[in-house]
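In my numbering, the protein residues as written are 311 to 646.
Glycine residues also receive a C-beta, built at the ideal position from the N, C-alpha and C atoms.
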Ligand SMILES: [Zn+2]
């Protein structure tokens, strides 16, 4: 795997590609939210740094260095990560695994590379590392990863070259999810991508849970039945769903808005391939036709959701917000 096989992060890859073919410097800081792929990119960068024939696209993939890296057995590459169950990396570990090791010459490659999870370094650990970061041995490169830069000492920041990882596009997240699980349903991949905020780790986490898919099915069913649901049912059965999902209310609103988006597309072009599930698509097209639901009406329904979202964020009475929202949605959907 080289840089180019990692999805997205083009700017970060470009910036890391340059030092691979020149003089790399001694310390890099990969910055980005948790789950964005800092360690994955850090490992690829390390592979490029150790490779015998690197290019701007990373390691060659075939030299002994690259093969050792792929097999996680390279003697000149070390990681210092948060041990499970611990709050921080112990200072003793910084001393023994890094400070006591940097002076020893590399065995196979021309340099040694250390990947350190700086989020797990408390101030004491950072201080222990600082002196080596200030005057590193010639053959050593440090790659630090961090999601919260504000927790790092200014002196650490000033000794490292920062490279920022930005959120992926939804399309890129879908691509990764499909690569990871070729059997994933396209709708579900899109759903997880949409809710991941462009963070691949979050999308992977969501794909391991049921609530998002279940709630999506639930709100789709509810919105398609909306023209026929009686007010009593709205305020009892449908309300009880919202009551159970109180913790997820903002997510449920986002899901409803997604379904309304699908309806808007289908109301304009019933043949659109926006929905892959044919049964659901046919059902949606039928409801749209039967009740003459058009984009203008869907826009009004979407505004109802915005009002409810604001009211809930402002800590309004939950029951009142939901009941008002349900009645307003029914009104907009039937007599718009
Ligand atoms: Zn190589």
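Whole-angstrom C-beta distance between residue 366 and residue 342, which should lie under 8 angstroms: Not quite, the Cβ-Cβ distance comes to about 21 angstroms (not below 8 angstroms), so this is no contact.
Check whether the region 526-546 and the region 347-355 are in contact - that is, three or more C-beta pairs closer than 8 angstroms. No, they do not touch.
Given this structure, state the Cα-to-Cα distance separating residue 424 from residue 522, to the nearest angstrom. Looking at the two C-alpha atoms, the distance is approximately 38 angstroms.
First through last residue of the alpha helix (DSSP H) which encompasses residue 550: 549-554 is the span of the alpha helix (DSSP H), which, as asked, contains residue 550.
In chain order, what are the residue ranges of uninterrupted beta strand (DSSP E) at least 3 long that sit wholly in the region 350-419? With a minimum length of 3 residues, the continuous beta strand (DSSP E) runs that stay inside the region 350-419 are 387-390.
Does the region 595-608 come close enough to the region 622-639 that 3 or more CB-CB pairs lie under 8 angstroms? no
Could you tell me how far apart the beta carbons of residue 470 and residue 427 are, in whole angstroms, since I believe they sit closer than 8 angstroms? Actually they are not in contact, since the Cβ atoms of residue 470 and residue 427 sit about 14 angstroms apart, beyond 8 angstroms.
Secondary structure of residue 632, DSSP reduced to three states: helix
Residue 316 versus residue 340: straight-line alpha-carbon distance, rounded: 15 angstroms
Which partner residues does residue 452 have in the DSSP bridge list? 337, 424
What is the DSSP secondary structure of residue 662, reduced to helix, strand or coil? Nothing can be reported for residue 662, as the shown portion of the chain is limited to 311 through 646.
Taking all protein chains shown into account, decide if residue 513 is buried (16 or more other Cβ within 10 angstroms of its Cβ) or exposed. buried
What would DSSP say about residue 457, mapped onto helix, strand or coil? If DSSP states are grouped into helix, strand and coil, residue 457 belongs with coil.
Rounded C-beta distance between residue 435 and residue 404? I'm assuming under 8 angstroms. 5 angstroms
What is the residue span of the beta strand (DSSP E) that residue 472 lies within? 471-474
Assign residue 570 to one of two classes, buried (16 or more other C-beta atoms within 10 Å of its C-beta) or exposed (fewer than that). buried
Starting from residue 437, trace the alpha helix (DSSP H) in both directions and tell me its first and last residue. 433-444
Determine the burial state of residue 369: buried for a count of at least 16 other Cβ atoms within 10 Å of its Cβ, exposed for fewer. buried
Thinking residue 318 and residue 482 are a contact (beta carbons under 8 angstroms), I'd like their distance in whole angstroms, please. 4 angstroms
Counting by C-beta, which residues lie closer than 7 angstroms to a heavy atom of ligand 1, in chain order? 361, 362, 363, 364, 369, 370, 371, 372, 373, 375, 376
Looking at C-alpha atoms only, which residue of 312, 578, 592, 360 is the closest neighbour of residue 451? For residue 451, the closest alpha carbon among the candidates 312, 578, 592, 360 is that of 360.
When burial is assigned at 16 or more other CB atoms within 10 Å of the CB, is residue 490 buried or exposed? exposed
Does DSSP put residue 519 in a helix, a strand or coil? coil
Determine the burial state of residue 332: buried for a count of at least 16 other Cβ atoms within 10 Å of its Cβ, exposed for fewer. exposed
What residues in its chain sit with their C-beta under 6 angstroms from that of residue 508, if we drop five residues either side in the sequence? Closer than 6 angstroms at the Cβ level, and outside the excluded window around residue 508, lie 477, 478.
Nearest-angstrom beta carbon gap, residue 502 and residue 561 [assumed within contact, 8 angstroms]: Incorrect: roughly 12 angstroms between the Cβ atoms, too far for contact.
Whole angstroms is fine: what's the gap from residue 583's alpha carbon to residue 568's? One C-alpha to the other measures close to 15 angstroms.
So, helix, strand or coil for residue 624, using DSSP? coil
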